[in-house]
Amino acid sequence: LMVLRASVALHGRSVTLYEKAFPLSEQCSKKAHDQFLADLASILPSNTTPLIVSDAGFKVPWYKSVEKLGWYWLSRVRGKVQYADLGAENWKPISNLHDMSSSHSKTLGYKRLTKSNPISCQILLYKSRSKGRKNQRSTRTHCHHPSPKIYSASAKEPW
1 LMVLRASVAL
11 HGRSVTLYEK
21 AFPLSEQCSK
31 KAHDQFLADL
41 ASILPSNTTP
51 LIVSDAGFKV
61 PWYKSVEKLG
71 WYWLSRVRGK
81 VQYADLGAEN
91 WKPISNLHDM
101 SSSHSKTLGY
111 KRLTKSNPIS
121 CQILLYKSRS
131 KGRKNQRSTR
141 THCHHPSPKI
151 YSASAKEPW
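Positions 1 to 159 (the UniProt record's numbering) are the ones given, in order, by the sequence shown.
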């Protein structure tokens, strides 16, 4: 099963408002995402405008569905995603911006995100300071497991 969860931050903790389970066959599907957002919209007061914060697993169809409800979104972008200035065709990899990021947020203004299914949005750069975590995986067993490297790379990329 795949679970989508809507939470609200309260006193530094995440409190679940709504969650819905879907079969794995519907993972990352527009149908599942739209159903979840419709259900969430039905339980929220009509005079609220939520800011949906999602991680890099969510893509442009999700953002467009959120915008269609009149809501805002904030998401981390990773991988081979490209961006371009509005009205321009000079697409560049998002990774080009990593060196510009710091622990102080910086806005680059409105840009287009993703070449294959463009969406106009503001791009903000932020990279939190390293927490100094060490890999605690045993050196004898599973020392070549890829998980620590993947998690480490994810933590080093900016939000």
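Glycine included, every Cβ here is placed at the ideal spot set by N, Cα and C. Since the model is a prediction, treat every value here as computed from it, not as a measurement.
Cβ-Cβ separation, residue j to residue i (assumed contact under 8 Å), whole Å
i	j	result
P93	K106	P93 to K106, Cβ: 18 Å. No contact.
D85	K111	6 Å
G70	T49	7 Å
S29	T16	Not really, about 22 Å apart at Cβ, beyond 8 Å.
S103	R129	5 Å
Beta strand (DSSP E) segment containing residue i, residue limits
i	result
L125	I119 to L125
S75	Y72 to S75
V8	M2 to L10
S54	L51 to S54
K59	Per DSSP, K59 belongs to no beta strand (DSSP E) and is neither H nor E.
L44	Run containing L44: none; DSSP gives neither H nor E here.
G109	K106 to L113
D85	Q82 to D85
Proximity of residue i and residue j at Cβ, strictly below 8 Å
i	j	result
E19	L1	no
K131	S101	no
L51	L74	yes
residue 164	V77	The displayed coordinates of the chain run from 1 to 159. Any statement about residue 164 would go beyond what the structure contains.
L124	L97	no
N-terminal and C-terminal residue of the alpha helix (DSSP H) that residue i is part of
i	result
E26	E26 -> no alpha helix (DSSP H), and no H or E assigned at all.
S152	S147 to K156
Cβ neighbours of residue i in the same chain (closer than 7 Å, five flanking residues each side left out)
i	result
D39	Y18 and K20
Q35	none
F58	S75
P158	H98, S101, L125, Y126 and K127
Nonlocal neighbours in the same chain, by C-beta distance under 6 Å from residue i, ignoring five residues either side
i	result
W62	H33
E26	A32
F22	M2 and A32
V66	I52 and W73
L113	Y83, I119 and C121
S54	S75
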